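Novice:
Chains as they are written, first to last, in our numbering: chain A, 9 to 305; chain B, 9 to 305; chain C, 9 to 305; chain D, 9 to 305.
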C-alpha cells in the first residue's frame with residue numbers, strides 16, 4: 009500500500025517478497041511456514057491470516073518477508089518450500105517479488121473515466137504497477153492514452169470477428185501483461201479467453217440496492233428513487249458479473265439527482281472502486297476460494 | 009428534526025404548521041402560495057422545493073410556517089387555500105400541525121432490534137411521535153415493550169386466520185394510530201389492508217449489492233464475499249418490497265465476517281435506516297410521486 | 009450539478025438564471041420575490057430556502073429560474089428587482105446566468121493532486137467552469153498543465169518579492185478570472201489580495217480529529233493512531249485557515265498506514281473535497297453569513 | 009466479534025483463547041510462537057500481525073487458538089510460554105479465555121445515551137461482556153439502569169470529596185470489574201486512579217475538524233458551519249483526552265442543523281463509536297504502544 013518512490017524505499021523493497029497460501033485448515037500450518045522461513049533466513053515483516061470456518065475449513069495466509077539476496081535465493085527457497093511444507097499441507101501457494109511490478113493491460117471501449125483514474129494514479133506513483141498497454145475495440149481514446157507514453161491498440165470487435173479479435177488480443181498481451189483490467193470494456197469476454205487469465209481479469213460495474221433487472225438501470229434507479237449508487241469490482245468468471253467480489257462502495261444521492269447526475273456519480277464511484285481493487289491485486293493482497301475473495305488490506 | 013423538550017420549544021411549536029404540496033408544474037405556483045400565506049398572516053420559516061423535470065413535470069414543495077393562534081385559524085385557512093390556490097393548480101396538498109404528533113402502531117414478529125431502536129429514540133425525545141401500540145403475531149416481545157408503558161397486542165396470524173387477524177388489527181389501530189411501522193413484521197400485508205394506509209406503512213428490509221435472489225440471502229452474500237451490507241426503508245405498496253424508497257444505507261463488512269456477523273451488522277444498519285425513515289415521515293418531510301419519494305431532510 | 013454537453017442542455021441553459029439572496033428575516037420575503045419573478049415572466053424551476061434562527065435571524069434563498077430571452081431582459085429585471093423588492097427587504101443579492109461559466113485561476117506550488125483533479129473533472133465535463141489559467145510560484149507543474157491547453161504562469165515568490173508577486177498575479181487575473189482556487193498553494197495570501205476576492209478564494213487543507221498543533225501533523229496523527237484523515241475546503245479570510253467551511257470529508261485509516269500512506273490518503277481526500285467545493289461555488293450554490301456557509305446542494 | 013448465544017457457540021468457545029503479544033521486532037518471533045503453540049496441541053484459528061517500521065521497530069500479534077481442556081491446561085501453558093518463548097524475545101504478553109467475559113463498570117453522570125447503547129447491545133447479546141455495575145456521581149439514571157438487573161451506585165463527587173469518592177469507587181470495583189467505561193462521566197479521573205486501570209479505562213468525547221478550543225464547541229462548530237460531527241474513543245491517560253485513540257467516526261451535518269441538532273447527532277455518533285471501542289476491547293483486539301493503538305478488528 010505504500011508509495012514507492014524514493015531510493016530508500018526501492019532499496020528496502022528489493023529483498024521483499026509476498027507469499028500467498030491457501031490450503032485445508034489443520035493444526036501446525038503457521039508453525040511449519042514460519043519455521044521454514046526463519047530457518048531460511050527470511051524475516052517476516054507482515055502477516056495476515058484467516059481461517060474460514062474453524063472445523064474442516066480453509067486456511068489463508070499472506071506473508072511479506074525480507075530475504076537477503078532475494079533474487080539469487082528465491083528459486084531454491086521455492087523448491088524447498090514445495091518439498092518441505094507445501095506438499096504436506098496440500099497448499100495452493102505463490103511467492104512474488106515486491107520489486108517486480110505487475111503488468112497491466114487495460115481494456116476500454118469509449119468511456120474514459122476508469123481508464124484515466126488508473127493512468128493518473130499510476131502517474132502519481134500511487135499504483136504500484138506497470139501499465140503495459142491499453143487495448144480498445146474503438147479508436148476514440150487514443151489521444152487520451154498516448155501522451156502518457158503507453159501504447160494504444162485498436163482491435164475492432166464485431167459479432168463475426170470476435171474470435172479473431174480475442175486471438176489478436178491474447179497475442180498482444182502474451183508476455184507483455186499478466187493482468188487484464190476491464191475499465192468499462194463493453195464486450196463480453198469468451199470462456200476460452202477467461203481461462204487464460206483465471207482470477208487475473210478484473211471488471212467494474214455499477215451496482216444498486218436493490219438490483220434492477222433489464223435495461224437502463226439508472227433510469228430505473230431514478231424512478232424508484234434510490235438513495236445510494238454503488239459499484240462492484242470483481243474477478244471475471246464465466247458467469248456474467250458473477251465472479252468473486254473484490255471491492256464495493258456507494259455514494260449517496262437524492263431525489264434532486266436526475267438520470268444524468270446519477271450516471272455521473274456512478275462514474276465517480278466506479279473509478280474509485282476499480283482503482284482500489286487493482287491496487288490490492290497488484291500488491292498481492294487478494295486470495296480467492298470458490299466464488300469469494302479474502303482481501304488482506 | 010429538532011428535539012422538542014423544553015417549554016420554549018413547545019411554545020414555538022404550538023403555532024408551527026407544515027404544508028406539503030404536489031402538483032403539475034407551471035409558472036406562478038410559488039408566487040401564489042407564498043402570497044396566500046403572507047396575506048393570511050403566516051410567516052414562512054422554512055421552505056424546500058423541487059421540480060421534477062422542468063418541462064411538463066411535477067412540482068413539490070414543503071413549507072413550514074408560523075401562524076398566530078394556529079389552532080383557531082387553521083380550518084379557515086385550509087378552506088380558503090383550497091378555494092383560492094389549490095384548485096387552480098390541481099394541487100394535492102395537506103397541512104399538519106407540528107404540535108400534533110403522529111401516532112405510530114409498530115408491527116413486530118420475534119426480532120426486536122428495529123422495535124427497540126424506535127422505543128429508545130422515542131424515550132430519548134429524538135423521535136417526534138407517539139408510539140400508540142405494538143402489534144405482534146407472536147407473544148415474545150411483550151416483556152420488552154410493556155416497561156415503556158406502551159400497550160402490546162398479540163394477534164396470532166395463520167394462513168387460515170389472516171383475514172380475521174387483519175380485521176382485528178385494523179379495528180385496534182382505527183383512531184389510535186395514523187402510521188404503521190413494520191419493524192421486522194414477517195407477514196405479508198394484504199392489498200386491502202395496504203389501501204387503508206396508503207403511503208403510511210413503512211417497511212424495512214436488508215439489501216445487498218447485487219441483490220440475491222432466493223432464500224438465505226446472508227449465506228449467499230457470504231459466499232459471494234460482498235463488502236457491503238445494506239438496508240432499505242420504503243413505503244409498502246402491493247408490489248412486495250417494491251414501494252417508494254425512503255432511505256438506504258450500508259455498512260462495510262469483510263471476509264472475516266461470518267454469516268452470523270453479517271446478520272448482526274444487517275440488524276444494526278436496519279435499525280438506523282428505519283429510525284431515519286420514520287423520523288422523516290413523522291416530521292412530514294416526505295412526498296411521493298408514482299413510485300418515488302421526494303425527501304426534504 | 010448536471011453535466012452540460014448536449015445541444016439540448018445548452019439550449020435549456022441559455023435562459024436559466026440563478027439568484028442568491030440573503031437578508032434579515034421578516035414575513036413576506038418569499039411572497040414578494042416569487043410574485044416579482046412571476047409577474048416578470050420568470051418560471052422558478054428550483055428553490056432552496058433556509059432561515060437561520062426564526063426570530064430575528066437571517067433569511068437565505070437560492071432560486072433557479074428560466075426567463076425567455078434572458079440575455080436581453082436581465083438588466084431590466086435587475087434594475088426593477090432592486091427597486092421593487094431588494095431595497096425594501098435590505099437584501100444582499102445577485103443573479104448570474106447559468107450559461108456564463110465562472111472563470112478560475114488555479115494557484116499551485118509543487119504538489120499536483122488537487123490541480124489535476126480539477127483539470128480532469130473539467131476535461132470530463134463534470135466541472136461547469138472555465139479554467140482560465142494556472143499560476144504557480146514554481147515552474148515544476150508546467151508540463152502537466154500545458155497539454156490541457158491552459159496557460160501556466162510562473163511567478164516566483166520570496167519574502168522580499170511577495171508584494172510585487174501579488175501585484176503581478178492580480179494583474180494577470182484581472183478580467184480573466186473571477187475565482188481563485190488555492191490547490192495546495194503554499195504561500196500565505198496577503199489581506200490586501202484577499203480583499204479583492206472576498207469569498208471568491210477557495211483553499212483546501214488537511215484536517216484531523218483532533219487537530220494537531222505544531223509541525224508535521226501527519227507524523228503526529230500517526231503517533232496518536234488516528235483512525236480518520238480528513239480535509240476541509242473553505243473560503244479564505246484574513247484568519248489563517250479560519251474562513252467559512254464549504255465542505256469536509258474524511259477517509260478511514262488504520263494502524264497499518266504509515267506516515268507515507270497517511271499522506272497519500274490525505275491527498276486523495278483533499279482532491280475530492282476541493283473538487284466538490286469548487287463545483288458548488290461555480291454553480292452558485294453557496295451563500296455566506298459571517299463565518300458560516302449555507303450550501304444548497 | 010461473533011455473537012455468542014447458542015449452545016454450539018458456547019461449546020466452541022469453551023476451549024478458545026486469545027493471545028496478545030508486543031515485543032521488539034526480530035527474526036523468528038512468529039516461528040517460535042507458532043511452533044510453541046503447535047507443540048502444545050493448540051490450533052491457531054486466527055492470527056493478525058503487524059510490524060511497526062520493519063527495522064528496529066515493534067512487533068504485535070494477536071492469536072486466537074483452540075486448546076482441548078483449556079481451563080485445566082492454561083496455567084502450565086502460560087508458565088512454559090514465559091520460559092520457552094517470552095523471555096527470549098522480551099515479550100509483553102497475555103492470554104485470556106474467550107469464555108471468560110470481561111466485567112465492565114460503566115461510569116455516567118446525567119446523560120444516558122452512551123450508557124443505554126451499551127445496555128442495549130449487552131441485552132441483545134451483541135456485546136460480549138458482563139456489565140457488573142453502573143457508577144454515577146448523580147442519582148438521575150438509576151431508574152434507567154435497574155430494570156436491566158444491574159446495580160447502580162450513586163457516589164456524589166465534589167471538589168472536596170473527590171479523593172474519598174475515588175476511593176469508594178475503587179473499593180466497589182475491586183474484584184468486580186476489570187474495565188471502566190466512561191460513558192459521558194463528567195469528572196476528571198485522578199492520576200492515582202488511572203494508574204490502577206492502565207489501558208483499561210475507555211473514554212468517549214465529541215470531535216470536530218478542526219478542533220474548537222474553549223467552551224461550547226457545538227456552538228462554535230455551528231458558527232463555523234462545520235460539515236462533519238465526530239467522536240473519539242480512547243484509553244484514558246494522564247493527558248486529558250490525549251490517550252491512545254481506539255476508534256473515531258463522523259456523521260455529516262449541514263447548515264440546516266441548529267446547535268440542538270448538532271448535539272443530538274453528536275450523541276448518536278458518540279454511542280456508536282463508544283460501543284465499537286468497548287466491543288474491541290472486550291474481545292482483546294487492541295494492543296497499545298506508547299500513545300498508539302493497534303486494533304485487530
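Each residue gets a CB set at the ideal place from its N, CA and C atoms; glycine is no exception. On a predicted model such as this, the values are computed, not experimentally measured, just so you know.
Give the single residue among 96(D), 151(D), 103(D) whose Cα lies nearest to the Cα of residue 81(D).
Specialist: Selected option, being the one with the closest Cα: 103(D).
Novice: In this structure, how does DSSP classify residue 180(C) when only helix, strand and coil are distinguished?
Specialist: Residue state, collapsed to three classes: helix.
Novice: Report yes if the C-beta distance between residue 208(C) and residue 188(C) is below 8 Å; otherwise report no.
Specialist: Yes; because the gap between Cβ atoms is below 8 Å, this pair is in contact.
Novice: What are the boundary residues of the beta strand (DSSP E) that residue 269(C) is part of?
Specialist: No beta strand (DSSP E) contains residue 269(C), which is instead part of the alpha helix (DSSP H) from 267–290.
Novice: Below 6 Å CB to CB, which residues in the same chain sit around residue 27(D) once its five sequence neighbours on both sides are set aside?
Specialist: Around residue 27(D): 71, 103.
Novice: Where does residue 205(B) fall in DSSP's three states?
Specialist: The answer is coil: DSSP assigns residue 205(B) none of H, G, I, E or B.
Novice: To which residues does DSSP link residue 105(C) through a beta bridge?
Specialist: Answer by DSSP bridge pairing, in chain order: 25(C).
Novice: Quick check: the segment 131–151 of chain B against the segment 107–120 of chain B, are there 3 or more CB pairs under 8 Å?
Specialist: Short answer: they touch.
Novice: Out of 279(C), 203(C), 59(C), 52(C), which one is the CA nearest neighbour of residue 76(C)?
Specialist: Taking only the C-alpha atoms, the option nearest residue 76(C) is 52(C).
Novice: Measuring only the C-alpha atoms, how far is residue 302(C) from residue 202(B)?
Specialist: Answer to the nearest angstrom: the Cα atoms are 40 Å apart.
Novice: Quick one: grab the DSSP three-state call for residue 32(C).
Specialist: Residue state, collapsed to three classes: strand.
Novice: With 7 Å as the C-beta to C-beta threshold (strictly closer), list the residues of the segment 229–249 of chain A near chain B in chain order.
Specialist: Against chain B - using a Cβ distance shorter than 7 Å - the residues of the segment 229–249 of chain A are 231, 232, 233, 234, 235, 236, 238, 240.
Novice: Using the three-state DSSP reduction, which class does residue 87(B) fall into: helix, strand or coil?
Specialist: It is helical.
Novice: CA-CA distance, residue 223(B) and residue 96(A)?
Specialist: Going from the Cα of residue 223(B) to the Cα of residue 96(A) covers about 39 Å.
Novice: Which residues in the same chain have their Cβ closer than 7 Å to the Cβ of residue 174(D), if we skip the five residues on either side of it in sequence?
Specialist: The answer, listed in chain order, is 198, 201.
Novice: DSSP three-state call for residue 216(C): helix, strand or coil?
Specialist: In the structure shown, residue 216(C) sits in coil (DSSP, three-state: anything other than H, G, I, E or B).
Novice: I want to verify the contact list: residues of chain C whose CB lies under 7 Å from the CB of residue 46(B), in sequence order.
Specialist: 35, 36, 39, listed in chain order.
Novice: Could you tell me the distance, in whole angstroms, from the CA atom of residue 152(B) to the CA atom of residue 252(C)?
Specialist: Between residue 152(B) and residue 252(C), the C-alpha separation is close to 47 Å.
Novice: Taking just the CA atoms, how far does residue 298(C) sit from residue 31(C)?
Specialist: Distance between the alpha carbons of residue 31(C) and residue 298(C): 13 Å.
Novice: Give the DSSP bridge partners of residue 110(A), in chain order.
Specialist: Answer by DSSP bridge pairing, in chain order: 137(A).
Novice: Just to check my reading of the structure: residue 217(D) and residue 248(D) have Cβ atoms closer than 8 Å, yes? What is that Cβ distance to the nearest angstrom?
Specialist: About 20 Å separates the two Cβ atoms, so there is no contact after all.
Novice: Report yes if the CB atom of residue 178(A) is closer than 8 Å to the CB atom of residue 210(A), and no otherwise.
Specialist: Contact: no.
Novice: With a threshold of 6 Å on Cβ separation, who are the neighbours of residue 127(B) within its own chain once the five nearest residues in sequence on each side are excluded?
Specialist: Answer for residue 127(B): 156, listed in chain order.
Novice: Under the three-state reduction of DSSP, which class applies to residue 93(B): helix, strand or coil?
Specialist: Of the three classes helix, strand and coil, the one that applies to residue 93(B) here is helix, per DSSP.
Novice: Taking beta-carbon pairs under 7 Å, can you tell me which members of the segment 261–287 of chain A lie near chain C?
Specialist: Those would be 266, 268, 269, 272, in chain order.
Novice: Counting only C-beta atoms, is residue 30(C) closer than 8 Å to chain B at any point?
Specialist: No, because no Cβ of chain B sits closer than 8 Å to the Cβ of residue 30(C).
Novice: Keeping to the same chain, check which residues put their C-beta closer than 7 Å to that of residue 166(C); ignore five residues upstream and five downstream.
Specialist: The answer is none, since no qualifying residue turns up.
Novice: Would you mind sorting residue 136(C) into buried or exposed? The rule is 16 or more other CB atoms within 10 Å of its CB.
Specialist: Per the 10 Å Cβ criterion, buried.
Novice: What does residue 130(D) touch in chain B if you count any residue whose Cβ is under 7 Å from its own?
Specialist: Within 7 Å Cβ-Cβ: nothing; residue 130(D) doesn't reach chain B, min ~12 Å.
Novice: Taking Cβ positions only, does residue 290(A) come closer than 8 Å to chain B?
Specialist: With 8 Å as the cut-off, residue 290(A) does not count as an interface residue toward chain B.
Novice: Give the DSSP-derived three-state secondary structure of residue 8(A) in the structure shown.
Specialist: This structure gives no information on residue 8(A), because the portion of chain A shown stretches from 9 to 305.
Novice: Is it the case that the Cβ atoms of residue 36(C) and residue 46(B) are separated by a distance below 8 Å?
Specialist: Yes, the Cβ-Cβ distance between residue 36(C) and residue 46(B) is below 8 Å.
Novice: Out of 163(A), 168(A), 139(A), which one is the CA nearest neighbour of residue 154(A)?
Specialist: Minimum Cα distance to residue 154(A) is reached at 139(A).
Novice: Check this for me: beta carbons of residue 256(D) and residue 234(C), under 8 Å apart or not?
Specialist: Yes, the pair counts as a contact, with Cβ atoms nearer than the cut-off.
Novice: For my contact list, residue 280(C) and residue 238(C) are in at a C-beta cut-off of 8 Å; report their separation, rounded to the angstrom.
Specialist: In fact, because the Cβ distance is near 11 Å, the residues do not count as touching under 8 Å.
Novice: What number of angstroms, rounded off, separates the C-alpha of residue 293(D) from the C-alpha of residue 149(C)?
Specialist: If I take the Cα positions, the gap works out to 45 Å.
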